[in-house]
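First residue of the sequence shown? That's 30 in my numbering, and the numbers climb one at a time after it.
The C-beta atom is built at its ideal place from N, Cα and C for all residues, glycine as well.
As the structure is a computational prediction, the values presented were derived from the model and not from experiment.
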Amino acid sequence: MKDKPNEWVAISDLMAGVLAVVMLMLAVVVLQRQFAEAQHQRDLAALDAATGNPVAELLQQVQGTLGTQGAGHLISVDVASRRITLRDGVFAQGSACVTPAASAAMQAVEAQVGTFLRDHPAGRIFVEGYTDDAPVKRPVTDFARFCTVYDDNFTLSAARAREARKTLLGTLDATSARRIVVAGYGDSRPLAEVPPSDPRNRRVEVFFTLDGSRS
């Protein structure tokens, strides 16, 4: 007597075949998506290469201008992080007054900064002051001499950022000027690679963005 075919075995074989087809289709979909994403990234890279990055272009121009001015020891440019850094030597000691050499260098790039803001209505510039952790021993009240009054590092750092902002305003209209924002962080954000007391923490950073976001 012959054994009858087992219907359950046939069904399980069919289901296994269907599952294999489904898995194959899913794998194809995943590969298609990965290919499409890779193509999208290539298209974006090609677009960036064709149109350029406005912030990078601006900072490269600024870097060239500062090099011509011989101000590299006072002001550094970091294209990758979209910022320029005004070192401690930009300001008189314990003061918010911008030194004449630094003022001349900043004024040399104000036209480029103005063009950036006019050409990019959503663009914004953040001017942020920082200090080391040396405490202010007594209040400074001689505004004519120090370009500010202050009794702590937060006030001093904000005043330095404010004075740096003034050198960038040039002939900007009021609407564009409002997109240059000032903040003072005192000694609360030292550089990661140096101790809080290091003089390199005494700086003003000018950060450029196209979308108005600080991040």
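- Proximity to Gly158 across Pro150, Asn230 and Gly152 peaks at Asn230, based on C-alpha coordinates.
- Counting along the chain, the unbroken alpha helix (DSSP H) around Leu198 starts and ends at Asn182 to Leu198.
- 8 Å or more divides the Cβ of Ala131 from the Cβ of Thr177.
- Contact check for Ala190 and Val233: beta-carbon distance about 5 Å, within the 8 Å limit, so the pair qualifies.
- Bounds of the beta strand (DSSP E) holding Thr114 are Arg112 to Leu115.
- Pairwise C-beta distances place the segment 182-196 in contact with the segment 113-129, as three or more of them are shorter than 8 Å.
- Measuring C-alpha to C-alpha distances from Arg147 to each of Ser205, Val47 and Leu53 identifies Ser205 as the nearest.
- Beyond the five residues adjoining it in sequence on each side, Gly241 comes within less than 6 Å, by CB distance, of Ala151 and Arg153 in the same chain, given in chain order.
- In the DSSP annotation of this structure, the continuous segment of the beta strand (DSSP E) that includes Ala212 starts and ends at Ile209 to Gly213.
- Look at Thr177 here: in three-state DSSP terms it is coil, with no helix or strand label.
- The beta carbon of Leu87 sits closer than 7 Å to those of Gln141, Phe145 and Phe237, all from its chain and outside the five residues before and after it, given in chain order.
- Around the beta carbon of Leu60, a 10 Å sphere encloses fewer than 16 other beta carbons of the protein chains shown; the residue is thus reported as exposed.
- Straight through space, the alpha carbons of Gln136 and Thr200 are spaced by roughly 11 Å.
- Contact between Thr160 and Asp216 holds: their C-beta atoms lie close to 5 Å from each other, under 8 Å.
- Rounded to the nearest angstrom, the gap between the Cα atoms of Met52 and Ile104 is 58 Å.
- About 6 Å separates the Cβ atoms of Ala193 and Leu115, confirming a contact at the 8 Å cut-off.
- Beta bridge pairing from DSSP links Asp107 with Arg112.
- Judged by beta-carbon spacing, Asp180 lies within the 8 Å limit of Val165, meaning their Cβ atoms are closer than that value.
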